[in-house]
Amino acid sequence: MPSTRRGLVGETWFPPRDELQARKTALKRLELWLIAAAAIAPRLAVLVHERGHILTAFTDKSDDFAQTFVRHGTFGFIPGEPSAYTQPLYGFFLVPIYWIFGRTWWAVGGAQIVVATATAFLVYAIGARVLSRRAGTLAAVLATLNPYLVWHDVHLNREVLDQLVAAALILCTLIAAERRSTAWAVAVGICGGLAVLGNVRLALLPLVVAAYLVSRQGWSWAPVAVLAAAAIAVAPWVIRNRVEVGCFALTTDARALWKANNAQTYDLLASGKWIDDVKDPPGHPFPNPEEARDIYRQSGRKIHVDECANESYYQHKAWVYVRDHPDGKTKLGGQAVRMEWDPRTTASATDSGRGVIRSWAQPLYMSFLYALGLLGLAVVPRRFAALALAVLAYQTLAAIVFVGATRYRVATDFLIALLAAGALEWLLWRRRRAH
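Residue numbers in the sequence shown follow the working numbering, run continuously in steps of one, and reach 435 at the last position.
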């Protein structure tokens with residue numbers, strides 16, 4: 001049996017090793033409970049308060065896809081008409097929830113609170129690995145108490161999954177770099193593929209993390225494993241679209257890209273509106289998949305939409321605008337960066353928050369986080385600062401190509417929370433040292 005006697009070193013008594021381990025375990029358990037409470041309690045309160053609006057407002061297209069799949073076996077807007085007009089990850093997340101529990105506010109909100117809690121635990125794990133357990137706890141609490149996310153996470157929006165996948169991607173990348181492990185690099189690639197299936201804006205993110213691994217390890221099989229695993233994760237969806245829709249595509253919704261890149265966009269966004277307010281050009285393909293859905297709901301009439309032709313039309317329109325109006329695109333790019341990083345909540349199709357939360361809490365929270373995050377860049381380990389900067393820079397580039405908004409940035413706000421936690425820990429260390 002291990003000894004339970006206490007030893008004496010100089011004038012200081014110290015506990016035996018097993019007692020120290022028990023204390024560490026108890027402290028870690030307490031940290032995890034604190035993180036869980038911070039993630040669950042406010043979201044549960046918002047869920048109950050918003051229960052009448054969870055299924056009727058701020059909903060993502062994936063909600064329609066999931067309902068059609070559960071009722072008719074078709075992943076699309078209309079029974080018998082497969083579609084690729086959105087990214088698939090969130091839709092397939094909703095499918096088992098609707099199938100098992102029905103489309104209810106408590107099932108959707110409860111499942112997404114579980115996802116948000118899991119994300120907070122992953123942030124803790126990242127912080128504990130690159131900083132300390134205390135900093136990990138602080139980062140997880142800071143990240144999960146983001147006022148925007150507390151409200152947004154319980155509504156029918158895909159960003160709740162984007163956060164989980166992004167946190168898993170960062171953690172796996174750090175482990176793969178530290179252990180020089182091809183197996184962990186495969187995990188990175190799978191997470192990267194899932195990120196792309198959740199948000200097509202992240203299509204080149206696997207390249208970013210592969211480049212990071214090259215910078216850490218030199219040339220090895222790990223970056224190749226990342227890209228191969230990401231391609232394998234994405235391939236079934238792309239092949240399905242070729243077979244059932246008619247073309248290889250991550251999404252056929254190129255109309256969204258055009259709405260972000262045309263002559264109307266800048267003034268609409270500057271006036272507080274969103275790209276959904278952009279009017280289609282004369283002679284545009286009609287109907288698009290969403291219009292065909294509305295016609296089906298109103299009259300029961302099915303109209304087959306050639307989504308691939310629709311995609312090509314709007315891709316060409318977007319490219320022509322960028323080619324012929326470089327000054328306009330430059331203005332849009334600058335506007336996108338401002339909207340992406342504005343501490344205030346920027347308008348989008350799924351507007352967030354109300355009253356005090358939107359007007360005061362979110363700007364104050366993000367301003368505090370930004371200030372500490374900038375300091376954190378100088379004091380956290382360089383290997384983590386480099387990865388965080390690379391991912392955040394990619395997010396900024398994606399905003400320039402498409403459009404900037406709070407809802408697109410929040411998936412990686414946990415990186416800023418981790419930097420902020422590192423800054424707070426450094427400030428505490430400086431204060432103790434001064435005394």
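Glycine included, every Cβ here is placed at the ideal spot set by N, Cα and C.
- Within its own chain, the residues whose Cβ lies closer than 6 Å to the Cβ of K259, once the five positions on either side in sequence are excluded, are I275 and V278, listed in chain order.
- With respect to the C-alpha of L332, the residue from L257, E311, A231 and H304 having the closest C-alpha is L257.
- In this structure, I97 places its C-beta atom within 8 Å of the C-beta atom of A111.
- Per DSSP, the continuous alpha helix (DSSP H) segment holding N310 begins and ends at E307 to D324.
- According to the DSSP assignment, F402 belongs to no alpha helix (DSSP H), since it is labelled neither H nor E.
- Bridge pairing for E81: I78 [DSSP].
- Under the criterion of beta carbons closer than 8 Å, V391 and L419 do not qualify as touching, at roughly 12 Å.
- With respect to the 8 Å criterion, F65 and R293 are not classified as neighbours on the basis of their beta carbons.
- Distance from the CA of R430 to the CA of E178, rounded to the nearest whole angstrom, comes to 28 Å.
- When DSSP states are grouped into helix, strand and coil, N262 belongs to the coil group.
- Looking at the backbone, the Cα of N288 and that of Y314 are separated by about 11 Å.
- Q298 counts as exposed, since fewer than 16 other beta carbons sit within 10 angstroms of its beta carbon.
- For L250, the three-state secondary structure derived from DSSP is coil.
- Looking from the CA of H316, the closest CA among L205, M366 and N261 belongs to N261.
- Each residue's CA atom was taken as its position, placing P206 and L197 some 12 Å apart.
- Taking C-beta separations shorter than 6 Å and ignoring five residues to either side along the sequence, the partners of R242 in its chain run F248, following chain order.
- With respect to the 8 Å criterion, A318 and P285 are not classified as neighbours on the basis of their beta carbons.
- If you ignore the 5 residues before and after F384, its C-beta comes within less than 6 Å of the C-beta of V130, all in its own chain and listed in chain order.
- The DSSP assignment places no complete beta strand (DSSP E) segment of no fewer than 3 residues inside the stretch 68 to 135.
- If you look at H152, you'll find it in the alpha helix (DSSP H) that goes P147 to H152.
- In this chain, the alpha helix (DSSP H) harbouring N241 covers W221 to E244.
- Excluding its 5 nearest sequence neighbours in each direction, L374 has no C-beta neighbour in its own chain below 7 Å.
- Of A263, T86 and E291, the smallest CA-CA separation from H325 is found for A263.
- Selection Y394, R71 and G422 evaluated against R409 yields Y394 as nearest (Cα-Cα).
- In the structure shown, the three-state DSSP call for H49 is helix.
- The three-state reading of DSSP puts L205 in helix, counting H, G and I together.
- The C-beta distance from E340 to A399 rounds to 4 Å, short enough to fall under 8 Å.
- For I232 and S359, the gap between their C-alpha atoms comes out near 43 Å.
- Between the stretch 171 to 191 and the stretch 213 to 223 there are three or more C-beta pairs closer than 8 Å, enough to call the two in contact.
- A direct Cα-to-Cα measurement between T346 and A211 gives close to 31 Å.
- Excluding the 5 residues flanking it on each side, E81 has same chain C-beta neighbours closer than 7 Å at T74, K302 and H304, in chain order.
- Assignment of A143 by DSSP, reduced to helix, strand and coil, places it in the helix class.
- Taking a C-beta distance under 8 Å as the contact criterion, Y124 and I40 do not qualify as a contact pair.
- Between I416 and E290, the alpha-carbon positions lie close to 36 Å from each other.
- For V115 against L164, the beta-carbon gap comes to about 5 Å, under 8 Å, which counts as contact.
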